[in-house]
Amino acid sequence: MSAPAFGLLLDVDGPIASPVSRTVAVESIGRDLVLMANAGIPVIFNTGRSDAFIAEQVVPVLRAAELEPATPVYTVSEKGAVWAEVTPEGLGEVSVDAELKLPDALSEDVRELVAERFSELMFFDETKRAMVSVEQHVHVPSERYLRAQEEFDAAVPALLKKHGLEEVRIDPTIISTDVEHQRLGKDLGASRSLELLAERDIHPQAWYTMGDSRTDYAMADWLHEQGHTVRHVDVRPADGVPETEYPVLVSETGAIHDEAGAEFLHRWAASL
Numbered sequence: 001m002s003a004p005a006f007g008l009l010l011d012v013d014g015p016i017a018s019p020v021s022r023t024v025a026v027e028s029i030g031r032d033l034v035l036m037a038n039a040g041i042p043v044i045f046n047t048g049r050s051d052a053f054i055a056e057q058v059v060p061v062l063r064a065a066e067l068e069p070a071t072p073v074y075t076v077s078e079k080g081a082v083w084a085e086v087t088p089e090g091l092g093e094v095s096v097d098a099e100l101k102l103p104d105a106l107s108e109d110v111r112e113l114v115a116e117r118f119s120e121l122m123f124f125d126e127t128k129r130a131m132v133s134v135e136q137h138v139h140v141p142s143e144r145y146l147r148a149q150e151e152f153d154a155a156v157p158a159l160l161k162k163h164g165l166e167e168v169r170i171d172p173t174i175i176s177t178d179v180e181h182q183r184l185g186k187d188l189g190a191s192r193s194l195e196l197l198a199e200r201d202i203h204p205q206a207w208y209t210m211g212d213s214r215t216d217y218a219m220a221d222w223l224h225e226q227g228h229t230v231r232h233v234d235v236r237p238a239d240g241v242p243e244t245e246y247p248v249l250v251s252e253t254g255a256i257h258d259e260a261g262a263e264f265l266h267r268w269a270a271s272l
């Protein structure tokens with residue numbers, strides 16, 4: 001088997017799913033992802049999202065675009081703690097790293113915290129298997145959510161202390177907060193991704209990574225450190241593009257989020 005010309009490691013919120021609607025809203029995204037996957041290009045969703053989100057929001061789009069069986073498509077969810085193959089029928093067997101799973105008692109306390117103080121602005125994500133997450137309600141204005149998020153984030157350390165949890169960090173995004181084991185991250189997701197492909201003797205010649213935040217650079221950093229050729233796409237460069245030892249690409253049209261993601265996916269699909 002010849003090595004694929006490239007592989008894709010894709011954050012989901014932002015580049016693939018709209019951070020506004022939380023759906024795959026740009027029609028060409030599913031079509032171009034499937035065109036590449038059916039041609040043997042590895043497509044891996046390296047995301048903080050749960051496997052349930054991928055099953056509900058991403059798999060139907062790929063199915064509609066006629067994803068073929070046995071394509072090299074995976075989700076590495078919850079920043080490396082959970083992983084599964086993506087098929088036209090749905091997800092294969094879901095694996096969870098038990099060492100990185102936060103205790104159920106913490107989940108219960110965070111759920112209660114949200115219910116008592118923040119339920120009008122955010123919800124507890126019941127689909128997470130390893131981390132503990134809350135997310136902005138779609139109908140809530142961003143500025144209102146972000147004010148409440150600061151208050152929520154400030155309340156979490158007391159819960160971590162209550163449960164004697166030290167190797168845990170609080171990671172806020174523009175629409176959510178993840179409470180997670182400190183080993184989780186897009187670099188761990190990248191490592192898991194290559195392990196999954198190696199099990200099938202798939203070794204891409206190069207990589208494209210894509211994300212909408214500074215933390216997403218960690219997957220490109222890891223690939224570069226391991227000696228892989230990589231280019232990173234930043235679909236929300238307003239946060240500032242850091243200096244890197246590999247190329248960083250941004251939309252030439254000024255598009256951001258999933259519209260920028262769609263531009264690059266279409267370009268790569270057309271290159272095959």
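Taking the UniProt record's numbering, the leading residue of the sequence shown gets 1, the next gets one more, and so forth.
Glycine included, every Cβ here is placed at the ideal spot set by N, Cα and C.
As DSSP reads the structure, Asp-234 sits in a beta bridge with Gly-211. For the set Leu-106, Arg-214, Thr-127, Pro-42, the Cα lying nearest the Cα of Ala-206 is the one of Pro-42.
Scanning the stretch 16-72 for uninterrupted beta strand (DSSP E) segments of 3 residues or longer gives 43-46, listed from N- to C-terminal end. In the assembly as shown, Thr-47 is a buried residue. Its beta-carbon has 16 or more other beta-carbons within 10 Å. One Cα belongs to Asp-109, the other to Leu-159, and the distance between them is close to 7 Å.
Counting C-beta atoms within 10 angstroms of its own C-beta, His-257 has 16 or more neighbours from the protein chains shown and is therefore classed as buried.
For Phe-118, no alpha helix (DSSP H) encloses it, and the DSSP letter there is neither H nor E.
The bridge partners DSSP lists for Trp-83 are Val-76, Ser-95. DSSP places Ser-271 outside both helix and strand once states are collapsed to three, so it counts as coil.
The residues Ala-3, Pro-4, Phe-6, Gly-7, Pro-42, in chain order, have a CB closer than 7 Å to that of Pro-204 in the same chain once the five nearest residues on each side in sequence are set aside. Taken in chain order, the complete beta strand (DSSP E) segments of 3 residues or longer contained in the stretch 146-173 are 168-172.
Rounded to whole angstroms, the separation of the alpha carbons of Asp-212 and Arg-192 is 20 Å. For the set Gly-164, Val-73, Asp-171, Ala-17, the Cα lying nearest the Cα of Ala-154 is the one of Asp-171. When DSSP reads this structure, Gly-227 sits in no beta bridge, so it has no partner.
The three-state secondary structure of His-257, taken from DSSP, is helix. Residue pairing by DSSP leaves Phe-6 without any beta bridge partner.
Beta-bridge partners of Glu-135 (DSSP): Phe-123, Ser-176.
Here His-203 carries a coil assignment [DSSP, helix/strand/coil]. When DSSP reads this structure, Asp-13 sits in a beta bridge with Ala-17.
Arg-200 sits exposed, since fewer than 16 C-beta atoms from the chains shown fall within 10 Å of its C-beta.
Shown here, Val-248 sits in a strand according to DSSP, grouped into three states. Residue burial annotation: Leu-272 is exposed, with fewer than 16 other C-beta atoms found within 10 angstroms of its C-beta.
The three-state reading of DSSP puts Gly-90 in strand, counting E and B together. At the C-beta level, Pro-247 and Tyr-217 stay beyond 8 Å of one another.
The beta carbon of Val-114 is closer than 8 Å to those of Met-122, Phe-123, Phe-124, Val-134, Phe-152 in its chain, skipping five residues each way along the sequence.
Apart from the 5 residues on each side of it in sequence, Ala-25 sits with its Cβ closer than 8 Å to the Cβ of Ala-17, Ser-18, Asp-258 in its chain, given in chain order.
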